[in-house]
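Numbering (the working numbering), first residue to last: 285 to 355. Note that beta-carbon positions come from the ideal geometry of N, C-alpha and C, so glycine has one too.
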């Protein structure tokens, strides 16, 4: 019985460590504010605010900027 309890405790400890590592990994992924625009004036306006521009075709652009990057 004692071995089973020890094993359960080790499994719980391992699960906690896995959850901690997962949370840390998620914080390393940058988060973005993104908008799709269809006019050059919107592109220029958002570019002034720090957004990067990626053409999507059909007169549309993807505008995005990082909003957080936690370590």
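With DSSP collapsed to three states, give me the class of residue i.
{"i": "residue 312", "result": "coil"}
{"i": "residue 333", "result": "coil"}
Between the alpha carbons of residue i and residue j, how many angstroms are there, rounded?
{"i": "residue 309", "j": "residue 302", "result": "10 Å"}
{"i": "residue 330", "j": "residue 313", "result": "23 Å"}
{"i": "residue 322", "j": "residue 300", "result": "46 Å"}
{"i": "residue 304", "j": "residue 290", "result": "21 Å"}
{"i": "residue 341", "j": "residue 327", "result": "14 Å"}
{"i": "residue 345", "j": "residue 325", "result": "11 Å"}
{"i": "residue 349", "j": "residue 307", "result": "22 Å"}
{"i": "residue 339", "j": "residue 333", "result": "18 Å"}
{"i": "residue 337", "j": "residue 311", "result": "24 Å"}
Measure the beta-carbon distance from residue i to residue j and round it to whole angstroms, keeping in mind my assumption that it falls under 8 Å.
{"i": "residue 351", "j": "residue 292", "result": "Contact doesn't hold; Cβ gap of about 41 Å is too wide."}
Exposed or buried, what is residue i when buried is set at 16 or more other beta-carbons lying within 10 Å of its beta-carbon?
{"i": "residue 295", "result": "exposed"}
{"i": "residue 347", "result": "buried"}
{"i": "residue 335", "result": "buried"}
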